[in-house]
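Step one of this worksheet: look at the structure below.
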Ligand code: ADP
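Residue numbers (the working numbering): 8 to 461.
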């Protein structure tokens with residue numbers, strides 16, 4: 008730098024360096040009317056504009072993060088209202104959504120600084136003949152900077168009358184678009200005349216874009232819930248209607264196989280056996296489907312009773328041992344608690360035990376025992392079903408509890424739906440407990456569930 012250079016240049020250089028490191032608030036010497044002074048002015052304006060943009064982007068990012076965290080539309084709207092009040096002018100924000108056929112527009116959310124809302128939530132108006140249609144047709148926002156005059160020129164506009172009644176004088180209306188399709192409007196309004204200028208439009212449109220995402224997410228979520236409910240109802244009905252005829256097939260096949268005075272040729276008997284087996288497998292499947300739809304729909308009702316787990320397990324043991332006997336697997340009970348009083352539905356508890364022991368037996372070889380253990384653990388009771396069978400490969404562990412989740416090792420001779428553990432986990436959870444597995448491939452598996460002590 009030469010001695011003769013203007014000292015303001017060094018000030019500007021310092022200011023530019025400060026801006027580079029994020030400080031946009033540097034005060035520059037007051038304007039003078041030479042070229043260097045004009046440069047200083049421009050630099051100061053640039054600083055202010057960048058600072059403003061920086062704040063806008065920061066707020067937008069905050070809103071985006073808020074939206075991604077999956078919060079509800081009302082909450083996001085409130086957040087937007089609070090986040091932008093220092094950056095852009097408004098005394099009121101309103102959100103209105105189009106009905107699915109696009110004919111009616113309904114006010115969905117609104118908040119104002121000016122007191123009671125005349126144009127309140129639920130207010131509905133037909134789109135036919137509305138000036139808002141132009142905004143949809145062009146996809147461009149509309150600025151009305153003198154609403155009283157607009158109302159004088161359009162005396163039949165009901166919504167303008169109501170909003171002017173609230174004290175609003177100017178407005179900026181953005182279309183809400185989801186994948187190019189109009190779904191509603193976002194209204195920013197101010198009590199000042201001429202509050203809005205074209206420079207605001209980009210930011211308003213960005214906010215509208217984010218809100219459209221939330222609206223769309225909410226709509227898809229509701230649709231998904233409805234579809235899920237429909238699927239559950241359908242599954243439940245189909246399974247229910249299939250059960251009775253299947254029971255008839257199984258019962259008659261059983262009777263014929265049991266020699267009830269009917270002389271059957273050997274070939275007929277051989278053909279009956281697969282019919283009997285298939286009907287049994289289908290009954291297991293249908294029962295699982297019924298249970299899964301019941302559990303999924305949230306209509307599962309527990310008949311809770313105060314019972315002693317130890318006593319209950321002793322009572323259930325003969326049935327569980329019978330399940331093992333067919334495969335040459337011994338089922339033992341090891342009690343490591345005096346008494347284990349819990350609130351449980353005895354029928355659902357049996358179902359849980361039968362599923363876990365049934366699996367343990369199914370995935371063990373003859374001679375490998377299955378141990379049911381009950382113990383106390385930190386104010387809860389822990390039931391473990393331990394086998395030394397084939398075990399589970401690590402990659403399969405995460406899917407076992409998902410509906411239809413089946414491991415690599417499935418015994419094709421046994422009825423298997425992949426629903427058992429999904430249902431069992433929900434049953435345990437409905438009791439306030441947790442079900443989990445510890446297993447090593449080739450060494451066996453331990454399925455444990457805990458229940459809160461009474
Ligand atoms: P299903 O037994 O009808 O296939 P489940 O939901 O009861 O369905 O079990 C899911 C899968 O978990 C089974 O297909 C099997 O691969 C695995 N599994 C469950 N219990 C055991 C066990 N004790 N040992 C090894 N694998 C098991």
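Heads up, the beta-carbon is just placed ideally off N, CA and C, and yes, glycines get one too.
Item	Value
Determine the burial state of residue 452: buried for a count of at least 16 other Cβ atoms within 10 Å of its Cβ, exposed for fewer.	buried
Under the criterion of a Cβ to heavy atom distance below 8 Å, does residue 412 qualify as lining the ligand ADP?	yes
Quick one: what's got a C-beta closer than 8 Å to residue 9's C-beta in the same chain, skipping five residues either side?	Residue confidence for residue 9 is low, a pLDDT of 48 falling below 50, so the modelled location carries little weight; the figure read from the coordinates is stated next. Counting only Cβ-Cβ distances below 8 Å, and skipping sequence neighbours, we find nothing.
Answer with buried or exposed for residue 188, where buried requires no fewer than 16 other C-beta atoms within 10 angstroms of its C-beta.	exposed
Run through the region 97–164 for me and flag every whole alpha helix (DSSP H) of 4 or more residues, listed as ranges in chain order.	139–145, 154–160
Is it buried or exposed for residue 326, if we count other Cβ within 10 angstroms and need 16 for buried?	exposed
Report the residue from 307, 299, 130, 361 whose alpha carbon sits nearest the alpha carbon of residue 329.	361
Please classify residue 54 as buried or exposed, where buried requires at least 16 neighbouring CB atoms within 10 angstroms.	buried
Residue range of the beta strand (DSSP E) that residue 201 falls in?	Careful: residue 201 lies outside any beta strand (DSSP E) and carries neither H nor E.
Does the Cβ of residue 379 lie closer than 8 Å to at least one heavy atom of the ligand ADP?	no
To which residues does DSSP link residue 274 through a beta bridge?	Its beta-bridge partners do not exist; DSSP assigns none.
Span of the alpha helix (DSSP H) holding residue 317?	316–332
Counting C-beta neighbours from all protein chains within 10 Å, is the total for residue 190 16 or more, i.e. buried, or is it exposed?	buried
Report the three-state DSSP secondary structure of residue 178 (helix, strand or coil).	strand
By the three-class DSSP mapping on this structure, what secondary structure does residue 94 have?	coil
Going by other Cβ atoms of all chains shown within 10 Å of its Cβ, with 16 needed for buried, is residue 443 buried or exposed?	exposed
How is residue 12 classed by DSSP in three states: helix, strand or coil?	coil
Quick one: measure Cβ to Cβ for residue 120 and residue 99, integer angstroms, because I've assumed they're closer than 8 Å.	7 Å
Buried or exposed: residue 60, going by 16 or more other Cβ atoms within 10 Å of its Cβ?	exposed
Which full runs of the alpha helix (DSSP H) of 4+ residues lie inside the region 343–418, going along the chain?	353–369
For residue 126 and residue 251, what's the separation of their Cα atoms in angstroms?	57 Å
If you draw a straight line from the alpha carbon of residue 437 to that of residue 302, how long is it in whole angstroms?	9 Å
May I ask which residues mark the beginning and end of the alpha helix (DSSP H) holding residue 248?	208–264
Only counting the same chain, and skipping five residues up and downstream in sequence, which positions put a Cβ closer than 8 Å to that of residue 5?	The chain is shown from 8 up to 461; residue 5 falls before or after that span and cannot be answered.
Quick check: the Cα distance between residue 356 and residue 364, rounded to an integer number of angstroms?	12 Å
Does the beta-carbon of residue 319 have 16 or more other beta-carbons within 10 angstroms, so that it is buried, or is it exposed?	buried
Beta-carbon separation of residue 135 and residue 124 under 9 Å?	no
Quick one: Cα of residue 307 to Cα of residue 430, how far?	11 Å
For the ligand ADP, any of its heavy atoms closer than 8 Å to the Cβ of residue 399?	yes
Out of 287, 221, 281, which has the shortest C-alpha to C-alpha gap to residue 79?	221
Let's test the definition: count the other Cβ atoms within 10 Å of the Cβ of residue 333 and tell me whether it reaches 16, buried, or not, exposed.	exposed
In chain order, what residues of the same chain lie with their CB nearer than 7 Å to the CB of residue 378, ignoring the 5 residues before and after it?	339, 341, 393
How should residue 312 be labelled, buried or exposed, when 16 other C-beta atoms within 10 angstroms of its C-beta is the threshold for buried?	exposed
Ordered along the chain, which non-local residues of its own chain (more than five positions away) have a Cβ less than 7 Å from that of residue 283?	257, 260, 261, 264
Compute every distance between the C-beta of residue 394 and the non-hydrogen atoms of the ligand ADP, then say whether any falls below 8 Å.	yes
Just the C-alpha distance for residue 43 and residue 214, rounded to the nearest angstrom, thanks.	39 Å
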